[in-house]
Amino acid sequence: MMPSNLPLSAKTSLRAVLSVVAVTTVLLLSIQSVAAAPPVQIETTTDIDEPMPGETVEIEATISNLENNNNRNVKLDWVFLREGGELDLYQQSEDVGVIAPGGSLTIPFSVTFDSPGEKHLDLEIIVSQEGNEPPHTYKKPIYIDVSNSELRGDV
């Protein structure tokens, strides 16, 4: 609450200063929390571009610990392959491994779809760094177009 005996220009200046201080504080806290996230990169590949219903699709997820990570290892705590936007799991792994700076780890998955159409999966990983920092979650969407077997034919 502002003192009522201050002139209008002083109240306006005080509000401006308090606003700048509040915004600066929020930005600094945001920068610190973003900087604490382990710098990882996730890439995915599939062995079949347009599988048919019932055909097994092999998915490889490669998680890399980027070299600019201050020479800190990244521990891959959990890996989940989920139906997109859902909690239903296709597969999960716990305590997958440790990735050195500049290194990577590839995890294979196999999935089969019963019906044609575009399928949305989410690859979700939870990683932590050496030390007492909290774990971080990353999510990467994967889209697979399952062909209608009648339309695809034998190519």
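Counting from 28, one number per residue, gives the positions in the sequence shown under our numbering. From the three backbone atoms N, C-alpha and C, an ideal C-beta is built for every residue, glycine too. Remember, predicted model here, so these are calculated numbers, not experimental data.
Residue range of the unbroken beta strand (DSSP E) whose run includes residue i
i, result
"S124", "As written in the sequence, residue 124 is Gly, which differs from the Ser given in the question. Looking at the DSSP string, the run of the beta strand (DSSP E) that includes G124 is 116-126."
"N92", "83-92"
"R109", "101-110"
"E70", "67-73"
Check whether residue i and residue j have beta carbons under 8 Å apart
i, j, result
"E151", "T164", "yes"
"L148", "I126", "no"
"D162", "I169", "First, the amino acid is wrong: residue 162 is Pro here, not Asp. Cβ atoms of P162 and I169: not closer than 8 Å."
"I71", "A88", "It should be pointed out that residue 71 corresponds to Thr in this sequence rather than to Ile. Against a cut-off of 8 Å, the Cβ pair of A88 and T71 comes out as a contact."
"D172", "G81", "no"
Per DSSP, cross-strand counterpart(s) of residue i
i, result
"F136", "I86"
"I169", "L148"
"S155", "K102"
"S131", "S91"
Cβ shell of residue i (< 6 Å), same chain only, five flanking positions each side left out
i, result
"F136", "I86, L108, Q118"
"K167", "I69, L150"
"T139", "T83"
"T133", "E87, T89"
"S120", "V106"
Neighbourhood of residue i by C-beta distance below 8 Å, restricted to the same chain and skipping five residues each side
i, result
"S57", "Bear in mind that the predicted position of S57 carries a pLDDT of just 46, short of 50, making it unreliable; the figure below should be weighed with that in mind. Around S57: no qualifying Cβ."
"G100", "For clarity, residue 100 is Asn in the given sequence; the question names Gly instead. Cβ within range, chain order: N92, V125, I126, A127, P128, Q156, E157."
"N98", "P128"
"D76", "D172"
Cβ neighbour criterion (16 or more within 10 Å) applied to residue i
i, result
"V61", "Note on V61: pLDDT 46, under 50, position unreliable in the model; no value is reported."
"P78", "buried"
"L114", "exposed"
"N175", "exposed"
Spatial neighbours of residue i in its chain, beta-carbon cut-off 7 Å, leaving aside the 5 residues before and after
i, result
"Q21", "Limits of the chain in this structure are 28 at one end and 182 at the other, which puts residue 21 out of reach."
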